[in-house]
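Here's the structure we're looking at; comments come further down.
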Amino acid sequence: MSIRILLVEDDEHICNTVKAFLSEAGYRVDACLDGDEAHTKFYDNAYQLVILDIMLPGMNGHELLREFRKLNNTPILMMTALSDDENQIKAFDAEADDYVTKPFKIQLLLKRVEALLRRSGALAKEIHCGRLTLFPEDFKAAYNGEEIVLTLKEFEILMLLVQNKSRTLSHEVILSRVWGYDFDGDGSTVHTHIKNLRAKLPENIIKTVRGVGYRLEEEC
125 MSIRILLVED DEHICNTVKA FLSEAGYRVD ACLDGDEAHT KFYDNAYQLV ILDIMLPGMN
185 GHELLREFRK LNNTPILMMT ALSDDENQIK AFDAEADDYV TKPFKIQLLL KRVEALLRRS
245 GALAKEIHCG RLTLFPEDFK AAYNGEEIVL TLKEFEILML LVQNKSRTLS HEVILSRVWG
305 YDFDGDGSTV HTHIKNLRAK LPENIIKTVR GVGYRLEEEC
């Protein structure tokens with residue numbers, strides 16, 4: 125599965141340099157120079173990692189971090205010139221995963237990126253969650269070792285639930301993450317796919333949280 129990274133950095137030279145190195149390392153990189161564009165891109169696309177500056181035009185990095193955390197647990201690496209304890213504590217309190225201060229060595233940044241992706245399971249060929257196993261490269265799933273035949277959207281929903289196993293995801297979040305922000309459908313689209321997904325799973329491991337959305341009940 126191709127790893128997609130969102131890079132948010134308003135210094136064009138730094139942005140281009142980091143993007144070039146990440147691209148050379150084999151990652152797909154979407155780069156933004158301001159916070160408002162980054163906010164839109166995060167809603168429109170599925171990323172395995174975000175690299176986020178703090179001082180940005182439009183929404184700043186702290187604001188974006190809070191908004192992103194409302195949606196999912198995508199690893200977020202803060203990359204900023206602000207090295208003071210206050211900003212670092214504020215970022216970690218808002219659930220940032222790592223914090224790198226400028227100037228930095230690009231090789232060190234790459235190693236931190238790799239470490240976060242390993243920790244999140246994004247680099248894994250198999251993702252295990254209790255009796256459930258996902259194979260991201262092949263978009264396949266198995267339960268208790270038995271393959272489950274899923275459509276692409278069903279797999280993407282199941283993957284999203286596994287990646288956010290401690291959270292309840294709303295219809296709106298699932299719709300935007302799986303179908304895209306501009307999709308014309310509504311919550312019934314998600315409901316139908318969840319219903320079909322449940323019918324294919326040997327056990328009902330997807331819990332409905334009434335009035336909110338869905339979450340995975342399988343212990344990962």
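Residue numbers for the sequence shown follow the working numbering, beginning at 125 and rising by one.
Think of the CB as a built atom: it goes at the ideal place given N, C-alpha and C, for glycine as much as any other residue.
As the structure is a computational prediction, the values presented were derived from the model and not from experiment.
Which residue comes first and which comes last in the beta strand (DSSP E) that contains residue i?
i, result
"Ala-246", "Neither: Ala-246 is in no beta strand (DSSP E) and is coded neither H nor E."
"Thr-225", "222-225"
"Val-273", "First-last for Val-273: undefined, no H or E at that position."
"Leu-195", "Per DSSP, Leu-195 belongs to no beta strand (DSSP E); it is in the alpha helix (DSSP H), 185-195."
"Phe-228", "Element bounds for Phe-228: n/a, residue is neither H nor E."
"Gly-337", "337-340"
Residue i and residue j look like a contact to me (Cβ under 8 angstroms); what is the Cβ gap, rounded to whole Å?
i, j, result
"Leu-195", "Val-297", "6 angstroms"
"Lys-226", "Ala-205", "4 angstroms"
"Met-183", "Gly-159", "3 angstroms"
"Leu-201", "Val-224", "6 angstroms"
"Glu-133", "Val-142", "7 angstroms"
Is it true that the CB of residue j sits closer than 8 angstroms to the CB of residue i?
i, j, result
"Glu-250", "Phe-259", "yes"
"Glu-342", "Cys-253", "yes"
"Asp-154", "Lys-165", "yes"
"Asn-197", "Gln-287", "yes"
"Leu-274", "Lys-324", "yes"
"His-317", "Ile-281", "yes"
Just list the residues that DSSP pairs residue i with in beta bridges.
i, result
"Ala-266", "Thr-257 and Glu-271"
"His-137", "His-137 pairs with nothing; no bridge assigned."
"Thr-204", "Thr-225"
Going by DSSP, what residue range makes up the alpha helix (DSSP H) through residue i?
i, result
"Ile-213", "209-217"
ask   = Enumerated in chain order, which unbroken segments of the beta strand (DSSP E) with a length of 3 residues or greater are wholly contained in the segment 149-181?
value = 152-156 and 173-176
inquiry  = Report the start-end ranges of each alpha helix (DSSP H) in the segment 272-328 that is 4 residues or longer and not cut off at the edges.
reply    = 276-287, 295-302 and 311-324
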